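Going line by line, the protein sequences match chains A and B.
Take 1 as the starting number for the first sequence in this note's numbering and just add one per residue.
Take 152 as the starting number for the second sequence in this note's numbering and just add one per residue.
Down below is the structure, laid out as structure tokens.
There are 2 protein chains.
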Amino acid sequence: MKVKKAAAIPESTLVDADTHVESFRQTRHNRRTELVEDYVELIADLIADRGEARQVDIAQRLGVAQPTVAKMLKRLAADGLIQQRPYRGVFLTEEGSSLAGKSRERHQIVENFLCALGISPEIARVDAEGIEHHVSLETLNAFRDFLKQRN
Amino acid sequence: MKVKKAAAIPESTLVDADTHVESFRQTRHNRRTELVEDYVELIADLIADRGEARQVDIAQRLGVAQPTVAKMLKRLAADGLIQQRPYRGVFLTEEGSSLAGKSRERHQIVENFLCALGISPEIARVDAEGIEHHVSLETLNAFRDFLKQRN
DNA sequence: ATCAAAACATAGCCATTGCTATAACATTAC
DNA sequence: GTAATGTTATAGCAATGGCTATGTTTTGAT
Ligand SMILES: [Mn+2]
Ligand SMILES: [Mn+2]
Ligand SMILES: [Mn+2]
Ligand SMILES: [Mn+2]
Numbered sequence: 001m002k003v004k005k006a007a008a009i010p011e012s013t014l015v016d017a018d019t020h021v022e023s024f025r026q027t028r029h030n031r032r033t034e035l036v037e038d039y040v041e042l043i044a045d046l047i048a049d050r051g052e053a054r055q056v057d058i059a060q061r062l063g064v065a066q067p068t069v070a071k072m073l074k075r076l077a078a079d080g081l082i083q084q085r086p087y088r089g090v091f092l093t094e095e096g097s098s099l100a101g102k103s104r105e106r107h108q109i110v111e112n113f114l115c116a117l118g119i120s121p122e123i124a125r126v127d128a129e130g131i132e133h134h135v136s137l138e139t140l141n142a143f144r145d146f147l148k149q150r151n
Numbered sequence: 152m153k154v155k156k157a158a159a160i161p162e163s164t165l166v167d168a169d170t171h172v173e174s175f176r177q178t179r180h181n182r183r184t185e186l187v188e189d190y191v192e193l194i195a196d197l198i199a200d201r202g203e204a205r206q207v208d209i210a211q212r213l214g215v216a217q218p219t220v221a222k223m224l225k226r227l228a229a230d231g232l233i234q235q236r237p238y239r240g241v242f243l244t245e246e247g248s249s250l251a252g253k254s255r256e257r258h259q260i261v262e263n264f265l266c267a268l269g270i271s272p273e274i275a276r277v278d279a280e281g282i283e284h285h286v287s288l289e290t291l292n293a294f295r296d297f298l299k300q301r302n
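Listed below in structure tokens is the structure:
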């Protein structure tokens with residue numbers, strides 16, 4: 001059954017290199033923004049729920065140590081996403097609030113979508129926490145449409 | 152319109168803290184394994200497609216520099232996932248091959264699922280590259296079922 | 001057999017995200 | 001007003017994942 005691997009169609013499962021690299025690049029970029037999105041979203045939720053977002057509460061919710069949060073908050077402040085008022089919690093700037101809103105909405109859609117597929121709420125919650133950051137606008141819209149069509 | 156915030160039902164959008172933290176923990180764990188999965192999957196693909204997987208090819212496909220790959224390969228070798236044969240490429244161990252197989256299958260299902268939802272192949276490819284690492288077994292099965300039902 | 005090209009290794013740098021231990025500071029209760 | 005408590009800040013460490021620059025080694029063509 002020897003066949004010379006001539007010009008013919010290769011059963012190459014391998015996509016074009018430039019195309020491939022672009023996916024990886026985009027994914028690396030998403031990874032860099034993940035944490036920021038989760039932070040502002042969580043801050044917004046805490047403020048909505050209890051009027052304030054303290055470092056300690058953020059740390060507790062994220063499951064990390066307080067200095068980890070302190071460092072991150074410094075970065076968020078430097079990036080103009082939050083404003084820190086010591087002993088009074090952190091507050092979102094316009095920009096931070098906007099990012100939080102978008103993140104929260106996207107998160108919600110992803111989680112609802114997974115539930116609509118029949119996945120258990122607990123698993124949907126966990127998976128959505130990671131998936132959300134890699135969902136493009138087009139995919140988000142597809143999820144939304146799916147939810148609408150079977151509401 | 153002052154209302155004292157009595158015992159009543161809080162319109163708290165906030166889930167239980169322990170539950171919340173578990174999602175974040177799982178997501179952080181997934182993030183730590185992402186790269187490893189992509190590497191072994193890519194190595195398997197390269198070997199399947201062209202008989203060998205060299206550092207330079209891996210670097211080119213991932214869009215990173217060669218020393219970045221060299222460092223990572225050392226780690227994969229230390230973890231027993233690959234075996235390096237200088238100037239002849241890297242090869243997967245049993246364990247590496249198994250992980251690659253699982254990763255590839257999951258990746259394929261996620262990507263096909265997105266396409267089945269009507270998302271364009273280019274976007275589906277990019278999104279799947281990131282999403283795949285955060286898809287639990289339960290969610291993967293739901294994706295599979297969805298594909299089966301409308302094949 | 002020689003030698004240029006390709007592949008790989010290594011050193012040293014940086015940013016990010018985590019940690020512990022400890023200090024400093026505000027708030028609040030008394 | 002003081003002291004205890006709670007909150008934030010800081011220092012110092014480690015692992016990870018990038019990079020550039022520069023060797024070293026192997027391969028393969030002549
Ligand atoms: Mn989120
Ligand atoms: Mn998240
Ligand atoms: Mn993959
Ligand atoms: Mn991937």
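Think of the CB as a built atom: it goes at the ideal place given N, C-alpha and C, for glycine as much as any other residue.
As the structure is a prediction and not an experimental result, all values here were calculated from the model.
Identity of the residue in the options nearest residue i by Cα
i: glycine 89(A); options: His20(A), Arg54(A), Ala70(A) and Ala128(A); result: Arg54(A)
i: phenylalanine 146(A); options: His107(A), Leu114(A) and Asp49(A); result: Leu114(A)
i: leucine 193(B); options: Ser23(A), Glu37(A), Ala48(A) and Arg31(A); result: Ser23(A)
i: leucine 197(B); options: Arg255(B), Thr178(B) and Ala216(B); result: Arg255(B)
i: aspartate 169(B); options: Val56(A), Val15(A) and Arg61(A); result: Arg61(A)
i: leucine 92(A); options: Lys148(A), Glu52(A) and Leu137(A); result: Glu52(A)
i: serine 136(A); options: Leu165(B), Ile282(B) and Phe294(B); result: Ile282(B)
i: isoleucine 119(A); options: Ile260(B), Leu232(B) and Phe294(B); result: Phe294(B)
i: asparagine 141(A); options: His284(B), His285(B), Thr290(B) and Ala275(B); result: Ala275(B)
i: aspartate 200(B); options: Glu95(A), Ala116(A), Thr13(A) and Pro86(A); result: Thr13(A)
i: arginine 301(B); options: Thr290(B), Asn263(B), Glu273(B) and Glu289(B); result: Asn263(B)
i: glycine 96(A); options: Leu73(A), Val69(A), Thr68(A) and Arg28(A); result: Leu73(A)
i: glycine 101(A); options: Asp38(A), Asp127(A) and Arg32(A); result: Asp38(A)
i: threonine 27(A); options: Glu280(B), His285(B) and Thr290(B); result: Glu280(B)
i: arginine 25(A); options: Ala195(B), Asn181(B) and Ala216(B); result: Ala216(B)
i: valine 261(B); options: Gln84(A), Ala78(A), Gln108(A) and His134(A); result: His134(A)
i: glycine 231(B); options: Leu250(B), Gly214(B) and Asn181(B); result: Leu250(B)
i: histidine 258(B); options: Arg182(B), Glu245(B), Asp278(B) and Val172(B); result: Asp278(B)
Simplified DSSP assignment, three categories, for residue i
i: valine 286(B); result: coil
i: arginine 236(B); result: strand
i: glutamate 129(A); result: helix
i: alanine 210(B); result: helix
i: threonine 13(A); result: coil
i: asparagine 302(B); result: coil
i: alanine 204(B); result: coil
Heavy atom of ligand 2 within 7 Å of residue i beta-carbon
i: aspartate 38(A); result: yes
i: glycine 130(A); result: yes
i: threonine 27(A); result: no
Cβ-heavy atom distance, residue i to ligand 3, below 7 Å
i: histidine 285(B); result: no
i: histidine 258(B); result: yes
i: serine 103(A); result: no
Distance cut-off 7 Å: residue i Cβ against heavy atoms of ligand 4
i: glutamate 273(B); result: no
i: glutamate 185(B); result: yes
Closer than 7 Å: residue i CB and nearest ligand 1 heavy atom
i: glutamate 95(A); result: no
i: glutamate 41(A); result: yes
TODO: Note down, one range per segment and in chain order, each beta strand (DSSP E) of at least 3 residues found wholly within the segment 216-272 of chain B.
DONE: Listed in chain order, they are 233-236 and 240-243.
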